[in-house]
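Beneath this line is the structure, given in structure tokens, with notes to follow.
2 protein chains.
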Amino acid sequence: MAGTIKDIAKHTGLSLGTISKFINGGRVREANRDKIERAIKELDFHVNEIARGLKTSKSKTIGIIIPSMENFFCTSLISRVEKHLSKHGYSGIICDYQEDPQMEKEKLVFLINKMVDGIIIVPSGDTQKEIQQVLDRGIPVVTVDRILPDIACDSVVVDNFKISGEAVEYFVGQDHRRIAIICGPRNISTAEERLNGYLAVHEKFRLTVDPDLIQFGDYYMQSGYELCRRLLDLPEPPTAIFATNYDITLGVISALNERNIRIPEQLSLIGFDNLNLSKVIKPALSLVVQPMDQLADATTKLMLERLEGTLQGIPQLVKFEAELVIKDSVISPLHK
Amino acid sequence: MAGTIKDIAKHTGLSLGTISKFINGGRVREANRDKIERAIKELDFHVNEIARGLKTSKSKTIGIIIPSMENFFCTSLISRVEKHLSKHGYSGIICDYQEDPQMEKEKLVFLINKMVDGIIIVPSGDTQKEIQQVLDRGIPVVTVDRILPDIACDSVVVDNFKISGEAVEYFVGQDHRRIAIICGPRNISTAEERLNGYLAVHEKFRLTVDPDLIQFGDYYMQSGYELCRRLLDLPEPPTAIFATNYDITLGVISALNERNIRIPEQLSLIGFDNLNLSKVIKPALSLVVQPMDQLADATTKLMLERLEGTLQGIPQLVKFEAELVIKDSVISPLHK
DNA sequence: CTAAAAACATGAAACGTTTCATGTTTGAGT
DNA sequence: ACTCAAACATGAAACGTTTCATGTTTTTAG
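These protein sequences, in sequence, are chains A and B. Per UniProt numbering: the first sequence = residues 1 to 336. Per UniProt numbering: the second sequence = residues 1 to 336.
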């Protein structure tokens, strides 16, 4: 059906090499250029990227692996990453592993087979061995949002320790003493750091840490919902909750709504990630906002530089500051 | 770096054909199987899907084109589609065209060059010619959420006319007479149908249609925000608003919040798409929920059947019912 | 034990490109 | 008009698979 380079050659009477050169932006005689252009139109020719990839062993394709396509942080990240990649002639194959490390491994293999030139990943943390194997094959890997302790590869993250500390400290400044945190899975560096920020502030102000106020969930709304209920059912419930990702934030709000607990009068809340959410929730929600554009920029830049070879040698760790956006969801419990 | 089929052949002393047969699940002598398996381990062999694709002219890859990666409806749709595809040995290359028909065309070409076996698309409506060209190349196309009037291809949609009518009729039943609708772009079939449902109900109840109450936006939050403000600024503002997609719904809520307009006491609202949203918003939001699983199932099924050849001939139009989930965001304006 | 059938192995050709060493044309300078 | 670079064209080989017609081995049945 589709014309190939050979058809163009036959049609124009020129050689394969000439057509190939033209296709790739090389110089050809004016007369030939016209002929080729006409033939391309006529035969509806499109480069077969598969064949090209086989020859060049560059697929001009980056694998992108994320925990879930329904995760707001991930989709807004990869949307931006894709935009940059395509600007540089690359495309992304996006895979979600549905938070399942086994599936994450499969996707890794899949992408290798697809001959991707590099992999950008938001890793589960349970596939370090497999990621190392990818690196061993000479395929660059950039992790985003999370770092992998045993892996020497480029990473782009936010200073989770610091921003978490800021959020908790803001609670403390508003006289809160029973501050709960709902964390993500323990093996994710990001979750760990956010917890550490929480603990550090407690240490700094010499507040006692009540283990009941520290809950670990997965990064799903359901989890936020359940853990929030658990917190509310405590003999001495918290006066403030720090929800450490977007879906958990949603879950917390839905639990509070269900029990008709008013924010911030009855309970203060700081959420995470989606600035739009703060406009939609009433009262306006205070939350931690991550610099999505910066994260995406840095990630793509790192990957492209590794691919072009302009960046070599030791892995880079790029760290950005998140921002605490204060709105109306926190007040002092003493003002009741 | 990576071992090829040839290396395996050399390493085992067997022929290329045998290795190939084994890789593809064919039968080989037991002794040979062992040898091959050992060699594969040893040489860390992975099939080069690029080379395979070149030979078979099947990439086992489906192109998926959506308006935006930040569109909730789209991401939840493709997340499910991907899941099904990978279950059947296919993978998806996901492209978003950022609501830009020009970019949509580029993505179409890109996917053709990538030799995708089929394309699943949520089309802008402005690329019918290009989509026809894809079909002319013998590549199956399935449109989801929207149909293309001039194109004969499979489509999976929701009965937008009907559900929109139900929503508006619900307003009418609650004594609303000034009902606003915020539609999507006019050239999108889905938007058109939702408007038609609105008009039909007005006709049915012999209500006058005030053109001021019909607003057209794009499917972004900002648009919902602005158009909602415009509605509120009308000399005689609506008593109810029907927001016809998720982002518009968010925009409407944020505009209402900004002006401290209470739902439903001061204004009734029916939103769209995200059931979780209704739990997070207070009061619980009534909304139209689309059967995402069914949409995704049908889409994938149609595509796979076209690819396997089990479905041939005239295009199928699969239509599902959406559901109106009533919560607390609508009351009669007379009960004020 | 033998012949025929069944099961498996072989290797060259092909898929649509790019590459590169070699060949041909062009036109500037004299 | 001739020479010589410079500019461009040529076509065979290669990328890593699959395919298929043919060849070889194993199994089965008589």
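Using N, Cα and C, we set each Cβ at its ideal position, and we do this for glycine too.
Exercise for the section: Identify the continuous alpha helix (DSSP H) that holds residue 200 (chain B) and give its terminal residues. Expected result: 189-204
Problem - Distance, residue 256 (chain A) Cα to residue 332 (chain B) Cα - result: 27 Å
Handout entry: Minimum C-alpha distance to residue 14 (chain B) - residue among B:234, B:28, B:2 and B:175
Key = Restricting attention to B:234, B:28, B:2 and B:175, the CA atom closest to the CA of residue 14 (chain B) is found in B:28.
Problem - Given residue 11 (chain A) as reference, the closest of A:21, A:26 and A:37 once Cα atoms are compared - result: A:37
Practice task
State the DSSP-derived secondary structure class of residue 114 (chain B), mapped to helix, strand or coil.
Solution key: coil
Exercise for the section: Using beta-carbon positions only, say whether residue 179 (chain A) and residue 213 (chain A) come within less than 8 Å of one another. Expected result: Yes; because the gap between Cβ atoms is below 8 Å, this pair is in contact.
Problem - Cβ shell of residue 39 (chain B) (< 6 Å), same chain only, five flanking positions each side left out - result: 8, 11 and 12
Problem - residue 33 (chain A) beta carbon less than 8 Å from that of residue 45 (chain A) - result: no
Practice task
Tell me, please, whether the CB atom of residue 212 (chain A) is closer than 8 Å to any CB atom in chain B?
Solution key: no
Practice task
With DSSP as the reference, label residue 320 (chain B) as helix, strand or coil.
Solution key: strand
Problem - Cβ pair residue 322 (chain A), residue 290 (chain A) closer than 8 Å - result: yes
Practice task
Evaluate residue 272 (chain A) with the Cβ neighbour count: other Cβ atoms within 10 Å of its Cβ, from every protein chain shown; 16 or more gives buried, anything less gives exposed.
Solution key: buried
Handout entry: Chain-ordered chain B contacts of residue 53 (chain A) [CB-CB under 7 Å]
Key = 50
Exercise for the section: Say whether chain A places a C-beta atom closer than 8 Å to the C-beta of residue 122 (chain B). Expected result: no
Practice task
Just tell me which of B:163, B:162 and B:148 has its CA closest to the CA of residue 156 (chain B).
Solution key: Answer by Cα proximity: B:148.
Handout entry: residue 247 (chain B) - containing alpha helix (DSSP H), residue span
Key = 246-258
Problem - Other residues of its chain near residue 246 (chain A): CB distance less than 7 Å, five sequence neighbours each side excluded - result: 72, 73, 272, 273 and 274
Problem - Contact between the region 221-239 of chain A and the region 113-132 of chain A (3+ Cβ pairs under 8 Å) - result: no
Practice task
Give a yes or no on whether the C-beta atoms belonging to residue 122 (chain A) and residue 185 (chain A) are separated by under 8 Å.
Solution key: Judged by beta-carbon spacing, residue 185 (chain A) lies beyond the 8 Å limit of residue 122 (chain A), meaning their Cβ atoms are not closer than that value.
Problem - Contact set for residue 251 (chain A): own chain, Cβ-Cβ below 7 Å, skip 5 residues either direction - result: 221, 222, 223, 224, 225 and 228
Problem - Assigned secondary structure, residue 338 (chain A) (DSSP; H/G/I helix, E/B strand, else coil) - result: For chain A, the structure presents residues 1 to 336; residue 338 (chain A) sits outside this window and is missing.
Handout entry: Proximal residues of chain B, C-beta to C-beta of residue 306 (chain A) below 7 Å
Key = By Cβ distance, chain B contributes nothing, its closest Cβ being about 16 Å from residue 306 (chain A), past 7 Å.
Exercise for the section: Would you mind telling me which residues of chain A sit closer than 9 Å to residue 265 (chain B), beta carbon to beta carbon, in chain order? Expected result: Within chain A, no residue comes near residue 265 (chain B); the closest Cβ sits about 13 Å away, beyond 9 Å.
Practice task
Please report how far the alpha carbon of residue 47 (chain B) lies from the alpha carbon of residue 182 (chain B), in whole angstroms.
Solution key: 51 Å
Problem - Identity of the residues DSSP links to residue 382 (chain B) by a beta bridge - result: As shown, chain B starts at 1 and ends at 336. That puts residue 382 (chain B) outside it, with no answer to give.
Handout entry: Three-way DSSP call (helix, strand, coil) for residue 228 (chain A) in this model
Key = helix
Practice task
Specify, as a first and last residue, the run of the alpha helix (DSSP H) that residue 76 (chain A) falls within.
Solution key: 72-87
Exercise for the section: Please check if any C-beta of chain A sits within less than 8 Å of the C-beta of residue 268 (chain B). Expected result: no
Practice task
Taking residue 60 (chain B) as the reference, give the member of B:303, B:261 and B:310 with the closest Cα.
Solution key: B:303
Problem - Residues of the UniProt domain "HTH lacI-type" (4-56) of chain B with Cβ closer than 7 Å to any Cβ of chain A, in chain order - result: Taking 7 Å as the Cβ-Cβ cut-off against chain A, the residues of the UniProt domain "HTH lacI-type" (4-56) of chain B that qualify are 46, 47, 48, 49, 50, 51, 53 and 54.
Practice task
Report the rounded CA-to-CA distance for residue 335 (chain A) versus residue 329 (chain A), giving the unit in angstroms.
Solution key: 14 Å
Problem - CB contact flag (residue 69 (chain B), residue 82 (chain A), <8 Å) - result: yes
Practice task
Residues of the region 162-176 of chain B with a CB closer than 7 Å to any CB of chain A: list them in chain order, please.
Solution key: none
Handout entry: DSSP beta-bridge partners of residue 63 (chain A)
Key = A:93 and A:119
Problem - For residue 215 (chain A), the three-state DSSP class (helix, strand or coil) - result: strand
Practice task
Could you check what DSSP says for residue 36 (chain A) in three-state terms: helix, strand or coil?
Solution key: helix
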